[in-house]
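K.L.:
All residue numbers for the sequence shown refer to the working numbering, where the first residue is 8 and numbers rise by one.
Glycine included, each C-beta is placed from N, C-alpha and C at the ideal position.
Before I ask anything, here is the structure I am working with.
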Amino acid sequence: MANYVRRSDDQGVAILAIDNPPANAFSDGVLTELFKAIEACHADPDVEAIVVTGTKGKFSAGIDIMMLGSDLDIAGGRAAAVTNLSQQLEEGPKPTVAAIEGVCLGAGLELALACSARVAVRTAVLGLPEVRLGLLPGMGGTQRLPRLADLDEALRLIATGATVTAPKAQELGFVDVICDGLDELLASAGRRARDMAQGSIPRPPPTLTREDRLPDREALAQAVGLAQLQLQRDWMNARSSLLALDAVETGLLEGPQAGMDKEGAYFDRALQTPVHKALASAFFAHRAMKKARNPAQWLVRWLYALWTRVVALAALAWEWWRPVPSSEPVRKTD
Numbered sequence: 008m009a010n011y012v013r014r015s016d017d018q019g020v021a022i023l024a025i026d027n028p029p030a031n032a033f034s035d036g037v038l039t040e041l042f043k044a045i046e047a048c049h050a051d052p053d054v055e056a057i058v059v060t061g062t063k064g065k066f067s068a069g070i071d072i073m074m075l076g077s078d079l080d081i082a083g084g085r086a087a088a089v090t091n092l093s094q095q096l097e098e099g100p101k102p103t104v105a106a107i108e109g110v111c112l113g114a115g116l117e118l119a120l121a122c123s124a125r126v127a128v129r130t131a132v133l134g135l136p137e138v139r140l141g142l143l144p145g146m147g148g149t150q151r152l153p154r155l156a157d158l159d160e161a162l163r164l165i166a167t168g169a170t171v172t173a174p175k176a177q178e179l180g181f182v183d184v185i186c187d188g189l190d191e192l193l194a195s196a197g198r199r200a201r202d203m204a205q206g207s208i209p210r211p212p213p214t215l216t217r218e219d220r221l222p223d224r225e226a227l228a229q230a231v232g233l234a235q236l237q238l239q240r241d242w243m244n245a246r247s248s249l250l251a252l253d254a255v256e257t258g259l260l261e262g263p264q265a266g267m268d269k270e271g272a273y274f275d276r277a278l279q280t281p282v283h284k285a286l287a288s289a290f291f292a293h294r295a296m297k298k299a300r301n302p303a304q305w306l307v308r309w310l311y312a313l314w315t316r317v318v319a320l321a322a323l324a325w326e327w328w329r330p331v332p333s334s335e336p337v338r339k340t341d
């Protein structure tokens with residue numbers, strides 16, 4: 008049986024390291040083992056706090072794209088697994104800290120946002136790139152990031168799939184501490200976790216319920232409307248970006264549970280779209296091209312990768328110009 012999570016203990020802090028090379032992506036096995044490990048730590052009287060990190064210089068690149076498929080029952084089960092995992096980190100009796108090195112993307116960042124605090128190496132890269140595959144953050148990212156980060160920047164990151172370095176993330180509000188190197192990272196994360204457990208610094212409320220950094224309702228609606236207008240300038244943005252912003256708006260104005268429900272429904276819908284399927288094919292083709300063993304194989308894979316990109320562009324163009332069903336959010340024009 009694979010061992011996807013390594014546990015070590017240091018002065019009352021349990022350090023859980025995700026170990027699923029090459030990028031510590033979340034497979035079914037990783038999700039199951041991590042949930043059980045966190046549950047065990049919460050039940051262990053010798054553990055005061057929990058640190059979650061990755062191995063081999065990476066936190067996590069998120070859900071393994073090979074797992075996504077289009078089976079909604081399976082996808083829904085995985086989303087529920089990540090939701091349960093996030094609740095364990097966010098609402099469990101012991102404080103949790105994400106110790107971030109290397110990449111922290113997609114569901115990896117969504118998991119980190121559920122922790123009580125985030126400590127990152129200066130060179131770490133964080134983001135929610137799902138829209139680049141015709142999807143949207145589907146594990147709470149549309150609900151948690153706007154409650155921690157500068158709202159305008161959070162909307163931009165969600166809608167465009169852009170990434171930021173750790174210092175920029177700290178400036179925006181969703182990284183708490185910056186450090187240099189792995190040794191300093193784990194020491195700093197452990198110290199922060201221990202301080203929260205012992206009451207030296209307050210443990211923040213669950214991210215999903217935080218409102219201390221949000222503007223008033225009118226400003227919220229204006230910020231989302233402006234972000235939707237900005238999307239009109241670039242047809243390359245898939246409709247999933249608009250769905251993501253609609254989920255954000257619902258969560259901020261109607262409450263996090265309503266936002267989570269809408270996020271999940273939109274994610275399931277996006278999995279079925281031609282845009283996602285075309286962009287996923289292009290992603291796999293590009294990755295296969297880089298693994299070619301000789302010039303002839305590279306040329307064949309390059310031609311296939313080029314074709315998949317043409318198909319993806321056509322799907323994006325159709326997605327942008329087709330009529331918007333009445334059940335979908337409409338681009339705001341004023």
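#1: If you compare alpha carbons, which of Gly147, Lys101, Gln235, Leu143 is closest to Ala119?
#2: By the 10 Å Cβ neighbour count, where 16 or more other Cβ atoms means buried, how is Asn31 classified, buried or exposed?
#3: Beta-carbon separation of Val20 and Val58 under 8 Å?
#4: Taking only three categories from DSSP, how would you classify Arg139?
#5: In three-state DSSP terms, what is Thr172?
#6: Quick one: using the 10 Å Cβ neighbour count with 16 as the cut-off for buried, is Thr216 buried or exposed?
#7: Could you tell me which of Asp187, Leu112, Thr257, Pro102 sits nearest to Tyr273, measuring between CA atoms?
#8: Measure the alpha-carbon distance for Asp157 versus Thr170 and round it to whole angstroms.
#9: So what's Ser15 in DSSP terms, helix, strand or just coil?
#10: Spatial neighbours of Val138 within its chain, please: C-beta separation below 8 Å, excluding the five flanking residues on both sides.
#11: When the Cα atoms are used, what is the spatial distance from Ile107 to Ala68?
#12: Need the endpoints of the alpha helix (DSSP H) that Thr167 sits in, please.
#13: Check Ile45 in the structure and name its three-state DSSP category.
#14: For Asp159, collect the residues of the same chain with a Cβ closer than 7 Å to its Cβ; drop the 5 residues on either side in sequence, then sort them by chain order.
#15: Please classify Lys43 as buried or exposed, where buried requires at least 16 neighbouring CB atoms within 10 angstroms.
#16: On the three-state DSSP scale, how would you describe Ser123?
#17: Spell out the partners DSSP gives Ser67 in its beta bridges.
#18: Quick one: is the Cβ of Gly262 within less than 7 Å of any heavy atom of the ligand SAH?
#19: What is the DSSP secondary structure of Ala32, counted as helix, strand or coil?
#20: Return the chain-ordered list of same chain residues with a C-beta closer than 6 Å to the C-beta of Val54, the five sequence neighbours on each side being excluded.
#21: Rank Ala228, Ala196, Thr172 by C-alpha distance to the C-alpha of Cys122 and give the top, closest one.
#22: Looking at the structure shown, is Val128 part of a helix, part of a strand, or coil, going by DSSP?
P.N.:
Straight from the coordinates:
#1: Gly147
#2: buried
#3: yes
#4: helix
#5: strand
#6: exposed
#7: Thr257
#8: 15 Å
#9: strand
#10: Ile165, Ala166, Thr167, Gly168, Asn244, Ala245, Ser247, Ser248, Ala251
#11: 11 Å
#12: 158 to 167
#13: helix
#14: Ala230
#15: exposed
#16: coil
#17: Cys111
#18: You won't find the ligand SAH in this model; it holds no ligand whatsoever.
#19: coil
#20: Ala21, Cys48
#21: Ala196
#22: strand
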